[in-house]
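In the numbering used here, the protein residues as written are 44 to 881.
In what follows, a structure is listed as structure tokens, so that the remarks can point back to it.
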Amino acid sequence: MSDPALLHAAPFPQLYFCCEERRRDSVRGTALNGIDYLEVVDHDAATDADRQRFLRVHFVNDITLASLGPDNVTISGGERIRPIVILDATIGTGDDADVLTVEVEEPGDYSIYTLSLVRGTNDPLPPNDIDPRLAWIEFSFKVECPSDFDCAPKHICPPERRPQPEINYLAKDYASFRKLILDRMALLLPDWRERNPADLGITLVELLAYAGDHLSYQQDAIATEAYIGSARKRVSFRRHARLVDYFVHDGTNARVWLQLTAGADAVVAPAGLQIFSRLDRLPARIPPASAELDNALRQHPTVFETRHEITLYATHNKMPFYTWGDRECCLPRGATHATLLGHFPNLAAGAVLIFEEQRGPLTGEEEDADRTRRWALRLTSVRAFDETNQPLTDPLTNAQVTSIEWMPEDALPFPFCLSGFTDEEHGAQFRDDLSIVRGNIVLADHGLTIAGESLGTVPDPLFVLPPDLGADRCHRPPPRFARPRFRPALQRKPLTQSSAYDATLPAGASLLVKPDGVLPWIRLDSVLGADPPEPWHPQRDLLGSAADATEFVVEIENDGVTSLRFGDDEYGRLPEPGTIFEATYRVGNGTAGNIGAETLAHIVTNEAISTVRNPLPATGGIDPETMDQIRRDAPQAFRTQKRAVTEEDYAHTAELDRSIQRAAATFRWTGSWHTVFLTVDRFDGLPLTNDFETQLRAEIEPYRMAGHDLEIDSPRYVPLEIEMFVCVKPDYFRSDVGAALLEIFSSRTLADRRKGLFQPDFFTFGQTVYLSPLYAAAQAVDGVASVQIATFQRQGLPETSGLTNGFLLMNRLEIARLDNDPNFVERGIFKLELGGGR
């Protein structure tokens, strides 16, 4: 008897796999027929007992064999359940005329089965009208069972993998590569034994060894850049540091306040005017696009450019102070307002002025003026008209005047002598123009604009990436081209790093820029075909850039060479091949721009501007961070605490504000949550205002722990009461010694910048007040013979006397205070009794 396995085997078994099966389409519509596909009736069965027992075999054409029955169908295969007994096979009608429904006794297992059409029980060949290639089909009874994977079998014909040649991978230089190649050639071409250097084969071997040596060096260089401890390129340092959330800065450019001398009123000076350092044989005003400009640029001057537009007035070039008829006047340190002689209706809040000592107080000569006595300030208020909208005047002299006020942050750091008499050697003449006010002040920063530099065209992809040898050959992806490497470099250096100009900041703060907030001064425009130009914007990195964002990153090497890196269509857009880029940027950065006063002397303009000068030195220029600094700081930067959880955390966070001397925090349970009571001690004893509290809350909010309320309050000041008896030496006046002692034991800052013993900055939270420094300070005053302190206590509390112990203790939130102000006796009392002297 024949073997059942052979009896039920397919008459034409599958010998190969084809990606495109065209046989079914060829049979369709002909006299032949065959199996198209097979359905296992599972979830759609009438009863659970019928699940997976009925097979719907769909044919390519309608079934015309009336004799096609159970004997013409066999099912082979399976592992656990076999053979599969066929009970019935019926041909459908109507729309199901191409369907043969096969009923089996029981469903099969999870393995693959083969349904075949045969002529009879003992004849495995297909019926005459059935195509032999479509007479069988493989299927699974469990096709509708849940599965996490695709149940369709994959037929992959992978290429033959050849064994890798045995190569010594320790070869890393020219000599070892040459030996390696010659050894390999001896294996492949044993008859080739030529070793003459003139031989073409030896030439090729040595050429390949030379190229291998260079590639080996490149591998070593890349491996060196893989670690921050061994990297040598600044770009590598920047990327390593970014992995630990550390931004490497490239420095900042310097800023300076300039005075433009206007030859007429209402002269508009636009932003971007070029200012040059002093050059030989060139006028103060240089016309644009002129031979003088070309000559100036050839001398490589230090170049600044104005940051904003300003309207100039000739009357603002020089504005005198008004002292209301008084003589020998001085504008004191800390002043925030003054009066100008003259009517200046075009002065407005937000404008910047420079106070300047223009003559020496003793000689009255301009050459003897102290060039350090210059100060820039931003106006907050200008009053040039009275209530009737008439020019403001002095009612006594009828002279027109203008009253100005400026920001407290720009308060004068030193006094200005306004008027006075020269010394006897210079005639004892009265001068009322010792100091002057300069207007038409504009901010400029270091850097020369380079406009319209071509960066080239994005190249077309040249290399096709090799296909995946293990991929499905029937679903081959389109060819993958290697992305073109387009990282253009700027021709000039160093690239300027700057930040935006904020016209609301004080004049002094406008010159100070933190390097971690600046961006490179560069603009890119791209053109692709006939499309309009598209701007691209610099970013510190592309990690937050959208896939279609036209953004790029500037990368600067140690020698200052600047290259541009674009996105990859995931983080920032990748430029299309054929895109043309053009750059406008500025060069000039770092401490090279920190020039001295009166260095800038030339302006490039056609406007009615006669001269330009910088009364003050340029400041703010910072050199790029060095690699040693990056290697030192980057690995530790992430350890910086940026949260407030404990009381000490809140106190430390508050003390980051430069106006706070000390802070103390206290946790209190307020019913449903914890409230942080933050007590702050401001410098100079400044009060806790609503504006300051709002500012401090905003500063602490990024650090505040969720669930903590914040309350800010003032310190608990403890007024002191001190009574002192001083014996004055016979040769001194008691009044002079008493005045000196009252100054020493005051809470003020004295005229010579010394601070009184009870100046608020000398005491803070919980600081003990000792008795011995009081004796030492009093005894150091000229004319004091002896000192005796009779009272040393908290005000009005004799039981707290510290005479015996020599000190007064303060609690955690208490600060000692002694203002000795008769208007506020509750702020401390200092009693002084003098004896002896005159």
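By construction, the Cβ of each residue, glycine as well, lies at the ideal position given by its N, Cα and C atoms.
Where does residue i land, buried or exposed, given buried means 16+ other C-beta within 10 angstroms?
{"i": "PRO47", "result": "With a pLDDT of 42 at PRO47, under the threshold of 50, the modelled position of this residue cannot be trusted, and the question is left open."}
{"i": "VAL128", "result": "exposed"}
{"i": "CYS62", "result": "exposed"}
{"i": "PRO658", "result": "buried"}
{"i": "PHE595", "result": "buried"}
{"i": "GLN704", "result": "buried"}
{"i": "ILE872", "result": "buried"}
{"i": "GLN317", "result": "buried"}
{"i": "GLY880", "result": "buried"}
{"i": "VAL501", "result": "buried"}
{"i": "GLU857", "result": "buried"}
{"i": "LEU49", "result": "Any answer about LEU49 is weak, because its pLDDT of 42 lies below 50 and its placement is not dependable; what the coordinates show is given next. LEU49 should be labelled exposed."}
{"i": "CYS460", "result": "buried"}
{"i": "TYR253", "result": "exposed"}
{"i": "VAL311", "result": "exposed"}
{"i": "GLN866", "result": "At residue 866 the sequence reads Asn, which differs from the Gln that was named. Exposed: under 16 other Cβ atoms inside 10 Å."}
{"i": "SER45", "result": "Residue confidence for SER45 is low, a pLDDT of 40 falling below 50, so the modelled location carries little weight; the figure read from the coordinates is stated next. Classification of SER45: exposed, given that the 10 Å Cβ count is below 16."}
{"i": "PRO531", "result": "buried"}
{"i": "HIS283", "result": "buried"}
{"i": "GLY163", "result": "exposed"}
{"i": "SER478", "result": "buried"}
{"i": "GLN95", "result": "buried"}
{"i": "LEU439", "result": "exposed"}
{"i": "PHE788", "result": "buried"}
{"i": "GLN302", "result": "buried"}
{"i": "GLY839", "result": "exposed"}
{"i": "VAL287", "result": "exposed"}
{"i": "ALA546", "result": "exposed"}
{"i": "ASN649", "result": "exposed"}
With DSSP as the reference, identify every bridge partner of residue i, one or two as the case may be.
{"i": "GLU882", "result": "With the chain running from 44 to 881 in the structure shown, residue 882 is simply not present."}
{"i": "CYS62", "result": "Paired residues: none, contrary to the question."}
{"i": "LEU303", "result": "VAL655"}
{"i": "THR157", "result": "SER119, GLU181"}
{"i": "LYS215", "result": "Looking at the DSSP assignment, LYS215 forms no beta bridge with any residue, so it has no partner."}
{"i": "ALA132", "result": "VAL145"}
{"i": "SER259", "result": "Answer by DSSP bridge pairing: none, since SER259 is not bridged."}
{"i": "SER569", "result": "GLU577, PHE624"}
{"i": "CYS373", "result": "CYS460"}
{"i": "PHE473", "result": "PHE464"}
{"i": "CYS770", "result": "SER829, GLY878"}
{"i": "ALA312", "result": "ILE353"}
{"i": "VAL538", "result": "Checking the sequence, you will find Leu at residue 538 rather than Val. For LEU538, which the question treats as bridged, DSSP gives the partners VAL630."}
{"i": "PHE364", "result": "LEU383"}
Are the beta-carbon atoms of residue i and residue j separated by less than 8 Å?
{"i": "PHE97", "j": "ASP79", "result": "no"}
{"i": "GLU754", "j": "PHE720", "result": "yes"}
{"i": "GLY560", "j": "LEU585", "result": "no"}
{"i": "ASN637", "j": "THR662", "result": "yes"}
{"i": "HIS580", "j": "LEU322", "result": "no"}
{"i": "ARG341", "j": "SER462", "result": "no"}
{"i": "ARG298", "j": "LEU508", "result": "no"}
{"i": "GLY821", "j": "VAL812", "result": "Strictly speaking, residue 821 in this sequence is Ala, with Gly absent from that position. Against a cut-off of 8 Å, the Cβ pair of VAL812 and ALA821 comes out as no contact."}
{"i": "THR445", "j": "THR406", "result": "no"}
{"i": "THR423", "j": "GLY490", "result": "no"}
{"i": "PRO758", "j": "THR718", "result": "no"}
{"i": "HIS359", "j": "GLY482", "result": "yes"}
{"i": "PHE524", "j": "PRO504", "result": "yes"}
{"i": "TRP179", "j": "LEU158", "result": "yes"}
{"i": "ARG376", "j": "PRO434", "result": "no"}
{"i": "PRO660", "j": "ALA640", "result": "yes"}
{"i": "ALA707", "j": "ARG474", "result": "no"}
{"i": "ALA381", "j": "ILE447", "result": "yes"}
{"i": "ASP191", "j": "ASP216", "result": "no"}
Is residue i close to chain B, meaning its C-beta is less than 8 Å from at least one C-beta of that chain?
{"i": "LEU111", "result": "Note that chain B does not occur in the displayed structure, where there is just one protein chain."}
**Asked** Is the number of C-beta pairs between the stretch 544-554 and the stretch 613-622 that are closer than 8 Å three or more?
**Response** no
**Message:** Going residue by residue through the stretch 649-734, where are the continuous alpha helix (DSSP H) segments of at least 4 residues, counting only ones entirely within it?
**Reply:** 670-680, 690-697
**Prompt:** Is the stretch 332-347 in contact with the stretch 382-392, if contact means three or more CB pairs nearer than 8 Å?
**Reply:** no
**Message:** Three Cβ pairs or more, each shorter than 8 Å: is that satisfied between the stretch 67-85 and the stretch 116-133?
**Reply:** no
**Request:** Within the stretch 731-767, note down every full alpha helix (DSSP H) run reaching 4 residues or more, in order along the chain.
**Result:** 733-743
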